[in-house]
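Just so we're aligned: the sequence shown equals residues -13 to 268 in the numbering used here.
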Amino acid sequence: MSSFPLRRWAHVLVPVAAAAVLAGCTTGEQSAAPVSSASPSAASEVPGTALEPALDHLHGLHLDSGGVVLAGTHTGLVEIAANGRTARVGDSDDDFMGLTGAPGTDRLFASGHPGPSSSAPNPLGLIDSTDGGRTWTPKSLTGEVDFHALSTDGELLVGFDGVTGLLTSTDGGTSWTAGAPVAAAALAVTEAGVWASTAAGLQHSTDGGRTFTVVPGAPTLALLSAAHDGSLWGIDTAGAAWRSRTGQSWEQHAVVGAVEAVLAVDFDTAYAATAQTLYPLG
């Protein structure tokens, strides 16, 4: 895969992304959802476990090789125990606007902004970890890109830079190719392709993120996650959790309310979370 002139590509695609009304961010700001809900999110029907101490914010979840849930926050990576106890992983206090990893592995990728203790350029570009987030190494696009959404299946890495569109990599984020000019609030990668939650609805790509089509009849998902078995879980704009074996047909599972992240484990199991509560789904 060859790299590309990022700044020239960004200049061309900025008007496209602006039309999709998904704005970029600065430290402390949140990514926009693909669409806004016409009615307030319902209260959760799912019993939750209180997080102690609570997180400052939540941008993504990952399941590591030991089955532990990891959370990307404004002040670093946090481990969430089954009883809700939270503990910092490693020394980084970076603001992880994007977090992903191959399901069930300790290889992680993240993006965002340097924390108070860091001297790294802002934004971070892509950073990676091979030890479950205990240490991080700058990988590429340092000082250029803040990925608001990231996803990988261990082979293909896809990110939305928060402004222009998608970038894809097949060499672990060393080099990148321009993908579709899609403003994605969330991304997922399965053997069936790349999935993107957008203002136009759930979209699917079978060519590595270069082109997308809308999935007919899919719920309007604000959050999206892929499991190791190829199934997908999502949370719609009204707070309902949905799941799908293939991504083409969806079933509503439960109402979980206004959450900040979802993590698919398999078709029968997932987690949703706010900064204060972890909800088991399944």
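No residue lacks a Cβ here, since even glycine has one placed at the ideal position from N, Cα and C.
Proximity winner among the options, relative to residue i (alpha-carbon distances)
i, options, result
"glycine 76", "Gly52, Leu56, Leu207, Thr160", "Leu56"
"serine 161", "Val175, Ala212, Leu143", "Leu143"
"glycine 225", "Gly140, Gly53, Leu209, Ser115", "Leu209"
"glycine 220", "Gly194, Thr192, Thr255", "Thr255"
"leucine 275", "Ser211, Gly268, Leu264", "Shown here, the chain extends from -13 to 268; a query on residue 275 therefore has no answer."
"glycine 52", "Gly216, Leu152, Ala68, Gly233", "Ala68"
"threonine 61", "Ala36, Gly70, Gly101, Ala29", "Gly101"
"glycine 159", "Ala106, Asp139, Leu267, Gly268", "Asp139"
"glycine 233", "Val201, Ile66, Glu246, Val245", "Val201"
"serine 126", "Arg231, Gly58, Phe95", "Phe95"
"threonine 35", "Phe146, Ala28, Ile66, Ser97", "Ile66"
"glycine 145", "Trp122, Gly58, Ser97, Arg120", "Ser97"
Beta-carbon spacing of residue i, residue j below 7 Å
i, j, result
"threonine 154", "threonine 163", "yes"
"alanine 213", "aspartate 252", "yes"
"glycine 216", "threonine 176", "yes"
"valine 64", "arginine 74", "yes"
"threonine 197", "alanine 166", "yes"
"glycine 90", "leucine 49", "yes"
"serine 137", "alanine 174", "yes"
"leucine 152", "glycine 195", "yes"
"alanine 135", "alanine 170", "yes"
Chain-order list of residues whose beta-carbon lies under 6 Å from that of residue i (same chain, five-residue window excluded)
i, result
"alanine 261", "Ala40, Leu41, His43, Leu44"
"proline 124", "Ile113"
"arginine 93", "Gly87, Thr116"
"glycine 179", "His190, Ser191, Thr192"
"glycine 118", "Asp50, Asp92"
"threonine 128", "Pro107, Gly111"
"valine 32", "Ala240, Val242, Tyr265"
"tryptophan 122", "Ser78, Ile113, Ser115"
"glutamate 246", "Leu44, Thr260"
Close-in-space but distant-in-sequence residues of the same chain around residue i (CB under 8 Å, 5 per side omitted)
i, result
"serine 104", "Ser78, Asp79, Asp80"
"tryptophan 228", "Pro205, Leu207, Trp219, Gly220, Ile221, Asp222, Trp236, Glu237, Gln238, His239"
"histidine 99", "Thr12, Thr13, Asp80, Asp81, Met83, Asn108, Pro109, Leu110, Asp132"
"valine 21", "Residue confidence for valine 21 is low, a pLDDT of 35 falling below 50, so the modelled location carries little weight and cannot support an answer."
"tyrosine 257", "Leu47, Val55, Val248, Leu249, Val251, Leu264, Tyr265, Pro266, Leu267"
"serine 25", "Unreliable positioning characterises serine 25 in this predicted model, as indicated by a pLDDT of 42, which lies under 50. The coordinate reading is nonetheless provided below. Here the set comprises Ala224."
"tryptophan -5", "Low per-residue confidence applies at tryptophan -5: pLDDT is 31, beneath 50, and the placement is therefore not dependable enough to give any value."
Own chain residues within Cβ distance below 7 Å of residue i, not counting five before or after
i, result
"threonine 199", "Gln189, His190"
"serine 30", "Val241, Val242, Gly243, Tyr265"
"arginine 231", "Ser217, Phe253"
"alanine 28", "Ala224, Gly225, Val241, Gly243"
"arginine 120", "Val75, Gly76"
"tyrosine 58", "A small fix is needed here, since residue 58 is glycine in this sequence, not tyrosine. Correct list, in chain order: His45, Gly46, Phe82, Leu85, Ala96."
"glutamate 141", "Thr156"
Cutoff 7 Å: residue i Cβ touching any chain B Cβ
i, result
"threonine 156", "Of the protein chains in this structure there is only one, and it is not chain B."
Subject >> Whole alpha helix (DSSP H) elements within the stretch 197 to 266, 4-residue minimum >> reply: none
Subject >> In chain order, each beta strand (DSSP E) run of at least 3 residues that lies wholly inside the stretch 109 to 172 >> reply: 112 to 115, 123 to 126, 135 to 138, 143 to 146, 152 to 155
Original post:
Taking only runs of the beta strand (DSSP E) that begin and end inside the stretch 72 to 116, which ones reach a length of at least 3 residues, in chain order?
Top reply: 72 to 75, 81 to 87, 94 to 99, 112 to 115
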